[in-house]
Amino acid sequence: MGDKQGMTKAVAGVMTEAPADGRKPATASNLPPPLSNRGGTETETAGRVQEVFECYETYITDGKGNLLGVPLRRGVSDSAFIDQITFSIHEDTFFHVYGLSFDLFDDDDFIRAASAKMEEIFGFGIIEKAKHSGGRFYEGCWLMGTENAQYGRVHFGGQQNTILFELTGTGCGVAKEGWESRLFVFLTNAIRPKITRVDIAKDFFNGEYSPNQAREDRNKGLFTCHHVKPKGECLGSDWEEEDDETKMTSGKTYGIGSRESSKYVRIYEKGKQLGDKTSTWTRFEIEFKAKDIVIPFEVLQTPGEYFGGAYPICERFTGSANRIEAVKSKIMIDFDTYIERLKKQIGRGINASKAVFPDKSKQELFEVLEPKHDFLPKKLSFENYDCSEAKLTPLHEIPSVLKFDQYGMWMDRYIQRQKTGEEQRYLEKMYDKYANLPISWA
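Each residue of the sequence shown is one higher than the one before, starting from 1 at the first, in the UniProt record's numbering.
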């Protein structure tokens with residue numbers, strides 16, 4: 001009992017609040033004193049904290065007997081947001097979309113149904129089929145978004161009648177407010193749904209946390225789980241220029257863990273990545289992949305809790321996350337960066353215009369240089385910040401032609417598809433029933 005109380009006190013000392021908008025960096029300097037007089041150190045204390053941190057970890061087994069972890073839930077539900085997500089469902093999920101399942105015959109029909117549902121959830125649908133083949137071992141790939149802004153991809157064909165959806169960071173940022181809740185409802189009612197990847201992020205706009213601090217915290221054990229310290233990796237040329245701050249303009253990235261594992265961390269200077277050489281905006285991003293873990297659908301409703309449960313350090317970040325603030329910051333950085341580039345590109349041309357037309361006012365010179373079209377630079381196109389600005393027509397709104405076979409029949413195709421689906425469901429049921437029988441049964 002005494003040991004448990006001691007560890008509880010250690011947790012209380014370490015897991016202190018650090019507001020996301022605050023002025024105090026989230027460091028390990030406020031760790032409590034050693035728990036013994038045997039020369040204990042901060043690392044020892046971090047290890048004790050980690051033991052308590054992991055004691056509520058949950059594991060389940062799948063139909064094949066594999067042990068799968070379930071990410072911990074700690075922290076505040078809205079302290080982080082989803083920056084990227086990939087999920088899959090079975091195609092039978094869409095049979096009810098058109099009211100008559102007879103309409104769903106081939107890949108194009110299912111893609112149209114998927115497009116309609118994605119527009120209902122996110123505010124944008126599928127625009128066109130990609131010229132390249134499908135990724136993730138699928139046969140076909142379809143695109144969501146515009147030429148200037150890629151919102152995501154949809155993969156379909158050749159993978160046991162499943163459809164895979166990938167939403168990019170841009171897609172998550174421009175989607176209609178509340179898409180997380182709508183997607184949660186959709187997945188919980190879908191057939192064979194699965195989240196295969198989700199990136200959960202938290203922004204520090206005023207430099208409250210940094211890649212350098214992350215490197216220190218990793219060495220102190222604050223990213224240690226299961227008593228194994230993950231490897232750290234310094235990415236970006238700015239790590240080599242620390243002696244001269246004027247050369248540190250492209251941004252640092254510190255990676256923790258392995259890209260091949262179920263959990264990987266990136267702490268990077270987001271503002272500098274976007275082009276602002278003096279920005280202090282840092283993003284703390286955790287990538288979860290369903291390799292040896294199951295990603296619960298609840299991550300859509302309370303991403304901050306799963307962010308807080310990923311590592312001991314993460315529970316400290318309790319301030320609410322603000323996706324809108326991130327979008328606003330990106331707009332201003334994109335615009336300022338483009339203006340600087342524009343000055344370099346046309347500055348001499350403007351000077352020449354002033355020299356050739358000394359009697360013209362600035363307004364008159366502007367009218368001379370003003371283009372006759374209303375196109376915007378790709379980076380500053382409004383659809384990068386709001387999906388309602390995307391003017392392309394999604395596939396499900398384009399009139400389709402009723403498909404027949406070579407005999408002018410369509411009922412036979414429907415019956416064949418139903419038969420194939422029933423056989424697949426029967427095989428899955430039998431596998432689940434007998435897969436876990438003991439060896440002695442044989």
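Glycine included, C-beta positions come from ideal geometry on N, C-alpha and C.
Predicted model only: the values in this text are computed from it and were never measured.
When we look at the beta-carbon of residue 427 and count the other beta-carbons within 10 Å, is it buried (16 or more) or exposed? exposed
Beta-carbon separation of residue 307 and residue 202 under 8 Å? yes
With DSSP run on the structure shown, which of helix, strand or coil describes residue 392? coil
With burial defined as no fewer than 16 other Cβ atoms inside 10 Å of the residue's Cβ, what is the status of residue 88: buried or exposed? buried
Whole angstroms are fine: how far does the CA of residue 329 sit from the CA of residue 309? 27 Å
Is residue 306 helix, strand or coil by DSSP? helix
On the DSSP letters alone, give me the boundaries of the beta strand (DSSP E) that residue 201 sits inside. 194-204
Going by the beta-carbon positions, is the gap between residue 380 and residue 338 smaller than 8 Å? yes
Is there contact here, the region 289-304 with the region 194-209, by at least three beta-carbon pairs under 8 Å? yes
Segment contact, 8 Å Cβ cut-off, at least three pairs: the region 149-161 with the region 204-212: no
Alpha carbon to alpha carbon, how far is residue 230 from residue 424? Give it in angstroms, no decimals. 41 Å
Starting from the C-beta of residue 37, find all residues in its chain whose C-beta is less than 6 Å away, skip the five residues before and the five after it, and write them out in chain order. Residue confidence for residue 37 is low, a pLDDT of 39 falling below 50, so the modelled location carries little weight; the figure read from the coordinates is stated next. If we look at residue 37 and ignore the five residues flanking it on each side, it has no Cβ neighbours.
Just tell me which of 183, 120, 172, 107 has its CA closest to the CA of residue 159. 107
Rounded to whole angstroms, what is the Cα-Cα separation between residue 225 and residue 315? 14 Å
Check the C-beta distance from residue 163 over to residue 110 and give it rounded, since I have them as a contact under 8 Å. 7 Å
Euclidean distance between Cα positions of residue 126 and residue 360: 49 Å
Rounded separation between residue 31 and residue 397 - CA only: For residue 31, the predicted model reports a pLDDT of 38, less than 50, meaning its position is unreliable and no value from the coordinates is stated.
Which class does residue 150 belong to by DSSP, given the choice of helix, strand or coil? strand
Tell me the DSSP secondary structure of residue 287 in three-state form. strand
Would a C-beta distance cut-off of 8 Å place residue 444 and residue 268 closer than the cut-off? In the structure displayed, the chain extends from 1 to 442; residue 444 sits before or after that span and is not available.
Excluding the 5 residues flanking residue 115 on each side, which residues of the same chain have their C-beta closer than 6 Å to its C-beta? 125, 126, 394, 395, 396
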